[in-house]
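Residue numbers (our numbering): 260 to 982.
Right, here's the structure in full:
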């Protein structure tokens, strides 16, 4: 193989990555050895041709004999010199390459353009290389080539091939990486240079990329809820661990209430004549009375909510017996369609009351609209993904037994959405990308304007609880074949693009602007989740993270957040993901690298959904590293009159002194203790101030700090004076 063809082969290889790198490396080695041998064993063509011309001229006449001999001798001397030079060429070539590569390495270090990418994220690699970055290879990438010496690598290095990449990586081995794409479990390298890192760290309790952390964020988001800006729509949940007896009791009460609403919905959705058997009915009307009273009490509590209602009250023995009896009788109706022992007129009145009570309670709680007639709950391991370990149960005893037997997996019990929006009788979810970036003073939430749908391979039914019907994860569905009698309009690869979904909405006559409503709801959910997690987020500049967020729709096109993945699958599993995943990665690099250098740079399909400001003062003298935002609390306008006693005169003197010197002393104390202040910025909920700036929302967040004993004493004297 010639050198030109080898260069073309290497260029083609770098444009389209081929996993058989070992074979290619072997071919490159053989090509390089062949080229070297050819140079050593062959003579230049001009020498042979000149020799032939010399012989011909020698034969043509004696008058040119001396000139021809002189020419041949001169050519022989030049041939000897060129041969000697050719023997030194490899060393000179290596020195030249080494100097060239070292110059590139030093330039990359000075401009902070050294990166490391773990895993097969070749789109990220190519995007960085096109921007002039140099790669510092992980130990497992081109491991055999990294074991070679630098001279051997330089001998075979060509522009763009693996030898060049490895020799450059060896030269920058002692330099830090300024862009790191790593896995979640990896240790954060080079934190001192604050590289661009695709990991945002937060505590486990508020890490929304896990089931347990998402539950914690759902509990906190009520403090940040604002109509049209942020609000979380999430199925209710419970953590049934060994040390959560209070939450366990709350789940049991919720299960009984859900059973009551399920029975009323059953009455609402069936004709009275189909539910009765006046003579041989197996269920008495007292079961319906119990359900109506339970829902009526729920309505009263929601309308007149107090702190006493939030406390978990254990049922009395009589209530426990009544609940158990109701569960047995209602289960007969919901699962085996047992008949009621009442006449049709009474049943019609029960159905009317059931519809009335359901409408009232569902107007107070949106998530009650997602419930059906089966009282199904889904059990998820707290720290698993890809559908591993998920089961669906409808029996209270089975749920409690399952969570007790799997304490190590920290199961989350979540209400199953029994009334989702279906496409051609098939369940689906929406995979939406979110990007979180952290700068020196801002946290920015970016949402992707493109997404895709993932379908189940089987038609939706509540009579079969297999994962192939109810779990739409691609990692689950790829193990099953599509049902034969499934609607032919559904995709064979179980994925739709956003354009296909929009076309379907127009086809079924959905209201105008339905997708805009869905997308705005998705953004509000994601903003609420991020704001709820900020208290326990490490605000490290240049940190960023790309998330895969899964949503479902209810029957009114309202998005419901299911889960968020910190390491989403970005492989080209279908033609849909083969298009959107590389684009999302390219746009991610645009936002992370280009926008900080140029605020007007293109961001692709990512758009800024929300922005949070956190204040860190960086003064030259370093006397005030943190700023505490807030206003002084005024308990009274003027000091009350005190009797003129020695004690009151002394107290008045102290208070007057505190009034004039508190701020100055506080500043000195703060300056003295600035070296001991923590460098981690903690976001305080109570110090939040909401401001509007154009169309974007900005939140200024105060920082917590500590006062020394002297400042606390002065403030205590100021605010605890007698009224």
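For each residue, glycine too, the CB sits at the ideal point set by N, CA and C.
- Per DSSP, residue 409 is one residue of the alpha helix (DSSP H) stretching across 409-415.
- By the Cβ criterion, the segment 441-458 is not in contact with the segment 734-751, since fewer than three pairs of Cβ atoms, one from each stretch, lie closer than 8 Å.
- By the Cβ criterion, the segment 581-592 is in contact with the segment 545-560, since at least three pairs of Cβ atoms, one from each stretch, lie closer than 8 Å.
- Contact annotation, residue 786 with residue 869: C-beta distance approximately 4 Å; criterion of less than 8 Å satisfied.
- Between residue 797 and residue 791, the alpha-carbon positions lie close to 14 Å from each other.
- For residue 693, DSSP records a beta bridge to 706 and 806.
- Within the segment 410-471, the complete alpha helix (DSSP H) runs of at least 4 residues fall at 421-430.
- Beyond the five residues adjoining it in sequence on each side, residue 517 comes within less than 8 Å, by CB distance, of 630, 634 and 674 in the same chain, given in chain order.
- Under the three-state reduction of DSSP, residue 674 is assigned to strand.
- The residue among 492, 780 and 717 with its C-alpha nearest the C-alpha of residue 743 is 717.
- Rounded to the nearest whole angstrom, the C-alpha separation of residue 840 and residue 757 is 13 Å.
- Here residue 584 carries a helix assignment [DSSP, helix/strand/coil].
- By DSSP's assignment, residue 756 forms a beta bridge with 711.
- Look at residue 478 here: in three-state DSSP terms it is helix.
- Taking 8 Å as the upper bound for CB-CB distance, residue 819 and residue 368 are not in contact here, some 48 Å apart.
- The continuous beta strand (DSSP E) containing residue 873 extends over residues 865-873.
- DSSP places residue 813 in the strand class (E or B) of the three-state scheme.
- Counting the other CB atoms within 10 Å of its CB gives residue 685 a total of 16 or more, which places it among the buried residues.
- In this chain, the alpha helix (DSSP H) harbouring residue 661 covers 655-664.
- Secondary structure at residue 847: helix, using DSSP grouped into helix, strand and coil.
- Comparing alpha carbon positions, the residue from 537, 282, 562 and 554 closest to residue 519 is 554.
- Secondary structure of residue 634 (DSSP, three-state): coil.
- The Cβ atoms of residue 357 and residue 393 lie no closer than 8 Å to each other.
- Residue state for residue 393 is assigned as strand, using DSSP reduced to three classes.
- Contact check for residue 513 and residue 498: beta-carbon distance about 13 Å, past the 8 Å limit, so the pair fails to qualify.
- Buried is the label assigned to residue 655, since at least 16 other Cβ atoms lie within 10 Å of its Cβ.
- Taking the C-beta atoms as reference points, residue 730 is found no nearer than 8 Å to residue 805.
- By the 16-neighbour rule on beta-carbons within 10 angstroms, residue 545 is exposed.
- With contacts defined by Cβ atoms closer than 8 Å, residue 537 and residue 601 form a contacting pair.
- The same chain holds no residue with a CB closer than 7 Å to that of residue 572 once the five nearest residues on each side in sequence are set aside.
- If you look at residue 497, you'll find it in the beta strand (DSSP E) that goes 496-498.
- Residue 607 is positioned such that its CB atom lies no closer than 8 Å to that of residue 527.
- Contact annotation: residue 650 and residue 659 have beta-carbon atoms that are not nearer than 8 Å.
- CA-CA distance, residue 855 to residue 861, rounds to 11 Å.
- When C-alpha distances from residue 663 are compared across 446, 777 and 503, the shortest belongs to 503.
- In summary, residue 480 is buried, with 16 or more beta-carbon neighbours lying within 10 Å of its beta-carbon over all protein chains present.
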